[in-house]
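Trainee: In the UniProt record's numbering, the protein residues as written are 1 to 276. Here a beta-carbon is modelled for each residue, glycine too, at the ideal position from N, C-alpha and C. The structure presented is a predicted model; accordingly, all values stated were derived computationally and were not measured. Could you have a look at this structure, given as structure tokens, before my questions?
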């Protein structure tokens, strides 16, 4: 079973301001339109590797929505990420056979600003440390535009890695194996003295790194970041590393413009070829 990273979800309060800020950061931003339930609208930042960022904002109160932030208690930032399956039902069935209960397929859709209607199916994850599934019904190029919109002034070429905060590394790895199969390749380690255990696993061209607090942090900035994420948001994605322009020095982008997203550009001269 082959799954790749589809997109990363960034919830914001003011979509227009966020579009302006990400443009200032050197990203090419596309307006996405309004979702079928009328609760949210979005904008997209597509990358040469086929993945994208979804900037999403609410148009009305929606306590039934999984990303709803009542009274804006948490604020802007990363809320989720999705994998792209060949068929949502097939992945859900396989996961259920291994004891992992994804919900779905659930019909979803969006109307683009040009009037085009898009349709997809979702598989909803049972726990927040896991991604959801997003499989296209209409052609994917209608949802994720191709061409020059995937080029960015800042040199970003795709998602290299996601950092995911988890409470129990063993339990989370068990769930990922149930989703992705027992043959999943996992590199697991700990950083003695830093108070963090981690496991890295490949998803297509990207790497997911699960991080969990372990023992005394001894002032480790990373352990503090993971603990703060778990305390304020719970489990889930909290950092993104992007393939940057060849030869460019690594750099983190300012949080006031990323709307709280820990976002780093890292030069990878041996980046894998783009996929459509």
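Would the segment 249 to 258 count as touching the segment 177 to 184 if we require 3 or more Cβ pairs under 8 Å?
Mentor: no
Trainee: Would you call the segment 83 to 95 in contact with the segment 117 to 130, where contact means no fewer than 3 C-beta pairs closer than 8 Å?
Mentor: yes
Trainee: Is it right to say residue 16 is buried, meaning 16 or more other beta carbons lie within 10 angstroms of its own, or is it exposed?
Mentor: Within the chain shown, numbered from 1, the residue matching residue 16 stands at position 16. By the 10 Å Cβ count, residue 16 comes out exposed.
Trainee: Please list, in chain order, all residues of the same chain as residue 26 whose beta carbon is under 8 Å from its beta carbon, the five residues on each side excluded.
Mentor: Taking the first residue of the chain shown as position 1, residue 26 is located at position 26. Here the set comprises 152, 153, 154, 155, 156.
Trainee: By the DSSP assignment, the alpha helix (DSSP H) with residue 143 in it spans what residues?
Mentor: As a first step, residue 143 must be located in the chain shown, where it is residue number 143. That run of the alpha helix (DSSP H) goes 140 to 143.
Trainee: Figure out for me which residue from 126, 107, 43, 163 has the closest Cα to the Cα of residue 23.
Mentor: Position 23 of the chain shown, counting from 1, holds the residue named residue 23. Of the candidates 126, 107, 43, 163, the residue whose Cα lies closest to the Cα of residue 23 is 43.
Trainee: Following the continuous alpha helix (DSSP H) through residue 16, name the residue where it begins and the one where it ends.
Mentor: Here the question's residue 16 lines up with position 16 in the chain shown. Segment 15 to 24, the alpha helix (DSSP H) holding residue 16.
Trainee: Give, in chain order, every unbroken run of the beta strand (DSSP E) that is at least 3 residues long and sits entirely within the UniProt domain "VOC" (4 to 136).
Mentor: 4 to 11, 30 to 35, 40 to 46, 52 to 58, 77 to 84, 103 to 111, 117 to 124, 132 to 136
Trainee: Could you check what DSSP says for residue 167 in three-state terms: helix, strand or coil?
Mentor: In the chain shown, residue 167 corresponds to position 167, counting from 1. In this structure, residue 167 counts as coil in the three-state DSSP scheme.
Trainee: Which residues in the same chain have their Cβ closer than 6 Å to the Cβ of residue 270, if we skip the five residues on either side of it in sequence?
Mentor: Taking the first residue of the chain shown as position 1, residue 270 is located at position 270. For residue 270, the predicted model reports a pLDDT of 43, less than 50, meaning its position is unreliable and no value from the coordinates is stated.
Trainee: Consult DSSP for residue 177 and reduce its assignment to one of helix, strand or coil.
Mentor: Locating residue 177 in the chain shown gives position 177, where the first residue counts as 1. In the structure shown, residue 177 sits in a helix (DSSP, three-state: H, G or I).
Trainee: Below 6 Å CB to CB, which residues in the same chain sit around residue 67 once its five sequence neighbours on both sides are set aside?
Mentor: The sequence position of residue 67 within the chain shown is 67, counting from 1. These residues qualify, in order along the chain: 11, 79.
Trainee: Starting from the Cα of residue 206, find the closest Cα among 81, 71, 97 and give me that residue.
Mentor: As a position in the chain shown, residue 206 is number 206, starting the count at 1. Of the listed residues, the one whose Cα sits closest to residue 206 is 81.
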